[in-house]
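Colleague: First the structure, then my questions, so here it is.
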Amino acid sequence: MPKLQTLIALDAADRVATIEAMGRIAWAQWLVRAVPPRHWRSHFGTGAPSDPAKPPKGTDIATVRRIRLAVSRALRNMPGSPQCLPQALAARRMLERRGIPSQLYIGTMRDDAGVPRFHAWLKVDEEWVTGICDESRYTLFTNKGPQQA
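Laid out in structure tokens, this is it:
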């Protein structure tokens, strides 16, 4: 019951954003697991362009931060552990709905044992939304193939 009370105690905008984030993360998690990527990857792009788009003047950074917090709050209250890609996809859809452009990055790196690790993160200009990481360690996937970040 404490989690429900915490949700109810949020202001209306945060409550709606958190519920929306939970639904969108669940949808994105299903999409990533159940549907072959060739059917959905065009919905979010295939990586980072060489020059990421700047948000239009007047982008509401408070809204970007509200979405980041809503995704974080939703993750703490969802079963399982949604990975970075569903988080980024969900946040991107939330931003799109509010007219805020974002850039989804998908990259790979090798860990100390030489095993490839993949990661997805989302940014609005220089503001992190999901997947905070050391970008310089990743090789990004783009329309033209992998590129060093």
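If you want the numbering used here, it's the position in the sequence shown, counting the first as 1, plus 36. For glycine and all other residues, C-beta sits at the position ideal for the given N, C-alpha and C.
#1: I'd like the list of long-range same chain contacts for G150, defined as Cβ closer than 7 Å, with 5 residues on each side in sequence excluded.
#2: Using 8 Å as the cut-off, can you tell me whether the segment 158-173 makes contact with the segment 121-129, which would need three or more C-beta pairs spanning the two stretches below that distance?
#3: Give me the residue from V160, P152 and R133 with the minimum Cα distance to Y141.
#4: Ignoring anything shorter than 3 residues or poking outside the segment 85-158, list the beta strand (DSSP E) runs there in chain order.
#5: Tell me the DSSP bridge mates of V160?
#6: To the nearest angstrom, how far is the alpha carbon of S186 from that of Y174?
#7: Determine whether the beta carbon atoms of I136 and T99 lie at a separation below 9 Å.
#8: From L67 to P38, what does the alpha carbon distance come to, in whole angstroms?
#9: Return the first residue and the last residue of the alpha helix (DSSP H) that R51 is part of.
#10: Does the beta-carbon of A49 have 16 or more other beta-carbons within 10 angstroms, so that it is buried, or is it exposed?
#11: Could you work out which residue in R133, H75, R74 and P115 is closest to I103 when comparing CA atoms only?
#12: So W157 and C120 are supposed to be a Cβ contact under 8 Å. How far apart are they, rounded?
#13: By Cβ distance, which residues of its chain are closer than 7 Å to D95, with the 5 residues on each side in sequence left out?
Modeller: Short version:
#1: none
#2: yes
#3: V160
#4: 139-146
#5: E163
#6: This structure leaves residue 186 out entirely; the chain is present only between 37 and 185.
#7: yes
#8: 31 Å
#9: A48 to A70
#10: exposed
#11: R133
#12: 7 Å
#13: Residue identity differs from the one stated: residue 95 is Thr in this sequence, not Asp. Correct list, in chain order: I136 and V160.
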